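Chains as they are written, first to last, in the working numbering: chain X, 1330 to 1497; chain Y, -13 to 741. Every residue gets a Cβ at the ideal spot worked out from N, C-alpha and C, and that includes glycine. The structure displayed is predicted, hence computed values, not measured ones. Just below is one structure, and these are the notes that go with it.
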Amino acid sequence: MQPDRHAPPSSLSRARTRAFRLNGRAHAALVADHVLLLDYLREGLGLTGTKRGCDGGECGACTVLIDGRPRLACLTRAGECAGHQVETIEGLADGGRMSPLQRAFHERLGTQCGYCTPGMIMAAEGLLRRNPDPDEAAIRAALAGNICRCTGYVKIIEAVQSAAGSAR
Amino acid sequence: MSETPLTQASAHLRHGANIGQSLTRHEGALKVTGQARYAADHHPAGMLHAVLAVSSIARGRVIALDVAAAKAHPGVVDVMTPAHKPPLAQDPDEKTHPFMFRLDVLQNDRVRYPNQPIAVVIAETLEAATEGAVLLAPRYETEPARTDFPAGAHFTPALVGVADPAEAHHGDVEAGLAGAARRLEAIYETPAQYHNPMEPHGIVAAWEGDTLFIDTPSQGLAMAQARIAGLFGIPPAAVHIRSPYIGGGFGSKGVFSGPQVLGIMAARLVGRPVKLVLRRGQMFGPVGHRAPTRQSFRLGADNAGALTAIGHHTVTASSQHDDFFEPAGGVSHTLYASPAIATTYEAVRLDTGTPLFMRAPGKAAGSIALESAIDEMAHACAMDPLAFRLKNYAEVEPMSGKPFSSKALRACYAQGAERFGWAKRPLAPRQMRDAAGMLVGWGMGTATFPALMFQAQARAVLRADGTGVVETGAQDMGQGAWTALGQIAADSLALDPDRVEFRAGSSDLPDAGIAGGSAHTATAGMAIHGAGADVIARLAELAMGDERSPLHGAGNAGVIARAGRLFRRDDESRSESYVAILARAGIPAIEGHGKSATDPAAQAAYAMHAHGAVFAEVTVDPDLGQLRVTRLVGAFAAGRIINPRMVQSQYYGGMVWGLSFALHEQAVIDPRSGRPMNANLGEYHVPVNADLPSIEAILVEEHDAHVNALGIKGVGEIGITGTAGAIANAVWHATGMRARRFPITLDKLIGPQDN
Ligand code: FES
Ligand code: FES
C-alpha cells in the first residue's frame, strides 16, 4: 500500500500544556503535539460547529479565525495555537444574539444543508474585519476556497453584502 | 383515517394560509450559529472512533493484513476484519426489492472495486484509529482491473433506472429517418460523477441490548430502518435513526451504505458506542456515483424543421456485482414532438462501486446530450434554437400520447428569453466578442423532470390549548423540508406556524417516504395535508353535533377552518374557537392521520412533469480556450410553490450543478489500476464562488389540478437539466466548435475539432 499522505505522525508524540484564547476566553489544556485543531475542537472540546468536509485543505468547511484571520483547522495543529487567539462559529454570537453575518446568512437563506455554513461565515467574518466594505469580486475571492454544494452561492454573496451594508 | 384523494379538484388552501410565503428557514438559526448537530457531531459517553481501511486495488483478494501491528498500537481497541466480525442475520448480497443494493461489509476477502472497505480499526481516539488503519499495510492478490468504458463486453440490461424498460419504441424511427430532409448523427459522452455532498457519510451507533440507536444522515429513514433490521435480525421498531440535519445527499444517502453498516457492526463488536466517518477519498467507491454514458443520437427533420425521428441509444455501466443503469433515454420520451422515437440501451460492467441515482438521475446526462443534439439539428435546419424548439413543442407527451397534467413551458421559454434578451442572438456562431476580445456565445436548453409521488404517512394532533403537533419522518438535506412541510402542517390545521410544532427527521415518526425524486414536498406534504384535514373533520363533527355550539346544524353547508376557529360556511358570523370546542367536549386532544400515494388513475390519464427553459452566456478566450459562464437565466414551472425563496435557492443550486456538469465534474479513472485518480475535492472539480456567473431563476406560474391535491411538482432536480445543455450550446455559439465529450474543458476547445 502506498503511504497515506494524510497520515498523521505517530501518536506517541508528546503531549504538552498549551495555553491560548478560545472564543475570547483563556484556555489551557494538555494537547498531544500531532492533534489537529479541527479534531481537538470537535472531539476534545465538543465544539462541533466547525466541520470536516475533506481530507485536508480543499473545502473550507473547517475555517476558523486565528488572530482574526481565516485559517483551516484541518491543516493546523492544536499545539501551534499556543499564545494565539482562536475563534470558532460558536464564539461569533454575542450571548443569544446572532452576529450581523449570522443574521444575514439566516435571513437571506445563505444556508441550505448548512454544512458549509460555519466555515463560510468564518471566512466572510475574516474578510469583513480586514475590509468592512468589500465589493462583490472581493467577496468571491475571499470565499473562493469554501465549497458549497447546495446553494449555487448566490444567496451567500447576498448575505455577505447585506451584512457589510448593515455595518456601514 | 382520511385518505386524501389525489385527483380531486384542487385542495382548498385555508384562508390566510402561509403557503406561498417565503418564511425563513425553520432551522436556519441553528445552522448559522453552529448549533445544528449533524451525525458526526454526536459523541455519546464511552464512544470509540472507527476508521475504515479501504482497498487500493480494483479487483482481487486481500491476502494479508497486519492486524497485530494495528492492535499493538496504543489506543487501538480492536480490528474488525472478515475473520473477526459480528455475525449478520442476512447475506448483504441478497436483494429483495429494487432499492436494495449489495453491500461490502467484510463478509470475505474479495475486492470488487477501489476504495472498498477491507477492515475497520476501532480505537480510543480518532488519531489512534487512523494510525492503526495505516499499520494494517494490506497485501493483495491483484487481478487486472476492468475499466474499459465504453469498449467492454456489452449486454442489454433487463431494466434501467429503478424499473424502466431498456427498450421503448413509438412509431417507426427508420422510416422517419429515411423520409427526413435533414439527418443528424452524433455521439455524446458523459463521465462518471460522484455526489460529494459536503457532509461525508458518517454514523454514530450505540447498542442497548438488541436495541440500536444511530445518528446518521439518511434520505430514506424507513427504508434504512428496514435494511438494518434485516441485516441484524432485529425488529424495525428496535432501530432508532435520528437524522434531523443532513449535510447534502443528492441521492448518495438514499440507500443505506456499506460503511454505515460497518459502523453498526463495529459498535456490536466492541460493545461500546462507535463513530465512523468516511474520509473524502473513501467516498469515491462505496456510496454510489453517476455512471458514465455514451449516447448516440439519430435525428431526422423535414424541410420545415419538424422532427421526423429521434433515435437515442445509451451505453452505460454498472458494477460487476450489482445493477443500476443510468436511465438517460427518458428525456427523449417527453420533451420534443416526433412521430417516431426509440430509446435503447446497452451496458458494460466495470470494477467500480455500484452506481446510484444522483441528482436528476438519467435526466441530467440525457438532457445535456439531447439538448446538444437538438441544437445541432436547429443549426442544420438554419433555425434559431428557440424557434426550432417551439416548432417541435410537444402538445401531448410524444411517447405515450397522454396529455400533460399541466405544462407552462411556452411561458418559460417566453419569460426566460425576454429576460435574457435572446431575440438579439445572431444565428451563426462566432459572431460576438466582449470588450476584452473574448468570444461570446449564447445557448439555451429545455429543462424537464417528472412529477413523482411516493408513499407517506403523517399524524396530526390538536391540543386543548389550541396548539398543534404534526409528525412525519421527513428528511431535510438542505432543500427546506423543515420549513416547507412545516408550512403545510400549519396550513392543514389552519393555525399560525408558531402554534404548530412540526416533528421530522426520525425513524420513530410515521414513514415520510424518501427525500428524492423531487417528490418529498408533494409526498410528505399530501400526507400532512390529509392528517390535518382529518383533525379538522373530527373537530367539525364534534361542534356541529353539539347543540350548544354556534356551529350546530351547519350540516351540508359545512364549516371552514381559519386561524384556530371554525366558521359556518353559509354564515361567517357564526364561529367557534378550537379551544372552546375541545373544552366543552372535555377532550384533551384530537388526533388525525393522513397518507399519500401515487394515484394510478391519474398516472394512467396524464403525463406529469415540471418544465423550464434555461439561457446561458459564455465567454471563451479565442487563443487559450479558457471558458467562463457569465450569465444564466432559468425560468421554471413546477406547479404550486410552497416557499418561493427556498424554491429559488433550489433552482440556483440545480443550475450550478448544471454548470458543473457541463464544465467541471468528472472522475478520472487510471486505466491501469482502475482507481479514481482525483478522489478529493482539490481535483474533482466543482464550482466555487469565484466560478459563478450572474444567475437568475424565474418562477413561472402554473396550476396543476392532477398531480396531487396540493398541485405540487418537484423543484430539487430540474435545475441541472436544461442548464448543462444550454452552456454546451453557448460554447458552440461562441466558438463554432461542438464539444461532445463532457465536461467541456479548455483542451477540447483548442485541440483537434473532433471533440
Ligand atoms: S476540512 Fe479543512 S479544508 Fe476541508
Ligand atoms: S449549504 Fe450545503 S454545502 Fe453549502
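{"Check": "Residue from H597(Y), T128(Y), R23(Y) and Q21(Y) with nearest C-alpha to K393(Y)", "Outcome": "H597(Y)"}
{"Check": "Coil, strand or helix - S635(Y) by DSSP", "Outcome": "helix"}
{"Check": "Residues of the segment 1432 to 1460 of chain X whose Cβ lies closer than 7 Å to any Cβ of chain Y, in chain order", "Outcome": "F1434, H1435, E1436, L1438, T1440, Q1441, C1442, G1443, Y1444, C1445, T1446, P1447 and I1450"}
{"Check": "Three-pair Cβ contact test at 8 Å for the segment 628 to 646 of chain Y versus the segment 450 to 459 of chain Y", "Outcome": "no"}
{"Check": "Contact belief for G339(Y) with G249(Y) at Cβ below 8 Å, rounded distance in angstroms", "Outcome": "G339(Y) to G249(Y), Cβ: 18 Å. No contact."}
{"Check": "Chain Y contact for D1368(X) (CB, 8 Å cutoff)", "Outcome": "yes"}
{"Check": "Residue(s) in a DSSP beta bridge with E457(Y)", "Outcome": "R445(Y) and R489(Y)"}
{"Check": "C1383(X) CB to nearest heavy atom of ligand 1 below 7 Å", "Outcome": "yes"}
{"Check": "Selection of the segment 1466 to 1481 of chain X by Cβ proximity to chain Y, strictly under 8 Å", "Outcome": "I1468, R1469, A1470, L1472, A1473, G1474, N1475, I1476, C1477, R1478, C1479, T1480 and G1481"}
{"Check": "Contacts around G1455(X), its chain only, beta-carbon distance under 6 Å, and the 5 residues preceding and following it disregarded", "Outcome": "L1394, R1398 and P1399"}
{"Check": "Assigned secondary structure, H595(Y) (DSSP; H/G/I helix, E/B strand, else coil)", "Outcome": "strand"}
{"Check": "Beta carbon proximity, A1493(X) to chain Y, threshold 8 Å", "Outcome": "no"}
{"Check": "C-beta contact flag for P347(Y) and A653(Y) at 8 Å", "Outcome": "no"}
{"Check": "Spatial distance of E13(Y) from Y1444(X) (CA atoms)", "Outcome": "13 Å"}
{"Check": "Within chain X, the residues that T19(Y) reaches when beta carbons sit closer than 8 Å", "Outcome": "G1378, I1418, E1419, L1421, A1422, M1427 and Q1431"}
{"Check": "Under 8 Å between C-beta atoms of Q634(Y) and A683(Y)", "Outcome": "yes"}
{"Check": "CB contact below 8 Å: S635(Y) versus chain X", "Outcome": "yes"}
{"Check": "Exposure label - N1475(X); buried when at least 16 CB within 10 Å", "Outcome": "buried"}
{"Check": "Residue environment, R661(Y), which counts as buried when at least 16 other CB atoms sit within 10 Å", "Outcome": "buried"}
{"Check": "Coarse secondary structure for Q76(Y), derived from DSSP in three states", "Outcome": "coil"}
{"Check": "Interface positions of the segment 1350 to 1375 of chain X facing chain Y (Cβ-Cβ less than 7 Å), listed along the chain", "Outcome": "H1363, V1364, D1368, E1372 and G1375"}
{"Check": "6 Å Cβ shell around F406(Y) - same chain, five flanking residues per side excluded", "Outcome": "F601 and V619"}
{"Check": "Any non-hydrogen atom of ligand 1 closer than 7 Å to C1477(X) Cβ", "Outcome": "no"}
{"Check": "Residue from V97(Y), T142(Y), I108(Y) and A114(Y) whose Cα sits closest to the Cα of P130(Y)", "Outcome": "V97(Y)"}
{"Check": "Beta-carbon spacing of A777(Y), V693(Y) below 8 Å", "Outcome": "Absent from the model: residue 777(Y). The displayed extent of chain Y is -13 to 741, so no value can be given."}
{"Check": "Residues near G157(Y) in its chain [Cβ-Cβ closer than 7 Å; skip 5 each side]", "Outcome": "P325, A326 and I327"}
{"Check": "Contacting residues, own chain, Cβ-Cβ under 6 Å from A623(Y) (five flanking each side not counted)", "Outcome": "A394, C398, H597, V686 and E688"}
{"Check": "Where Y670(Y) sits in the DSSP three-state scheme", "Outcome": "coil"}
{"Check": "With 16 other Cβ atoms within 10 Å as the buried cut-off, status of A1357(X)", "Outcome": "exposed"}
{"Check": "Helix, strand or coil at P222(Y) according to DSSP, with G and I counted as helix", "Outcome": "helix"}
{"Check": "Ligand 1 heavy atom lying under 7 Å from the CB of E113(Y)", "Outcome": "no"}
{"Check": "Residue-chain proximity (A22(Y), chain X), Cβ-Cβ < 8 Å", "Outcome": "yes"}
{"Check": "Chain-ordered chain X contacts of P183(Y) [CB-CB under 8 Å]", "Outcome": "C1442, Y1444 and R1478"}
{"Check": "CB contact flag (R276(Y), A351(Y), <8 Å)", "Outcome": "yes"}
{"Check": "A1344(X) beta carbon less than 8 Å from that of L1367(X)", "Outcome": "no"}
{"Check": "Interface positions of the segment 1385 to 1412 of chain X facing chain Y (Cβ-Cβ less than 9 Å), listed along the chain", "Outcome": "G1385, G1386, E1387, C1388, G1389 and A1390"}
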